[in-house]
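See structure below.
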């Protein structure tokens, strides 16, 4: 467990004062049930808190960053940024799925790659950071791993369209290809990895619960890499 804690602390750039709270954030209800731990000590309560923290931080950030955007647009933008697939990608980026404590049954069913479990654990992690280090520390993690590229979502355009526009505006590229790298997990909870190549050179990778979502996330990464 200590190795898992060290890995996640390194990934997010934050060291917990209270190690018990990060253990709780990594404990799925299936593990608590199998180990006969009181369910109050699984990560569901921290997920509840983290969800609220994430909504507050993202709402405050978007409100200030886009002063001319109407309420409806802000709501849709926030929903796109903090939805389950988006949080799943953020969690995968820091290796969170590998560190969650799961029950044996859930593990066998592919729970470690299930977007709902991994995204919930990410919210629980935010709740733990808030309790241990305060709102500013939680905000730093959200900015680094969730809200790092909000401009790609502006006007709710398809990231693939945004990438196409960016290339046409100033990059000499004749061909864009989206290639399926892998398809993992059980049938009911597939995880797709796609890479986007510009004239044969890889510029981004993305993951998601469908090829379409993975392609969009790959396009977002390519936009970031192109600068």
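Numbering (the working numbering), first residue to last: 751 to 977.
Where a beta carbon is used, it is the ideal one built from N, C-alpha and C, also for glycine.
When rounded, the separation of the alpha-carbon atoms in residue 949 and residue 929 is 13 Å. Of the residues 883, 920, 869, 895, the one whose Cα lies closest to the Cα of residue 958 is 869. Looking at the DSSP output, residue 818 shares a beta bridge with no other residue.
Counting along the chain, residue 951 sits inside the beta strand (DSSP E) bounded by residues 951-958. Around the beta carbon of residue 835, a 10 Å sphere encloses 16 or more other beta carbons of the protein chains shown; the residue is thus reported as buried.
Taking each of 818, 935, 912, 773 in turn and checking the Cα distance to residue 754, the smallest one comes out for 773. Rounded to the nearest whole angstrom, the C-alpha separation of residue 793 and residue 775 is 5 Å. In the three-state reduction of the DSSP assignment, residue 942 falls in the strand class. Going by beta carbons, residue 969 and residue 953 fall outside the 7 Å limit.
Here the alpha carbon of residue 800 sits roughly 37 Å from the alpha carbon of residue 917.
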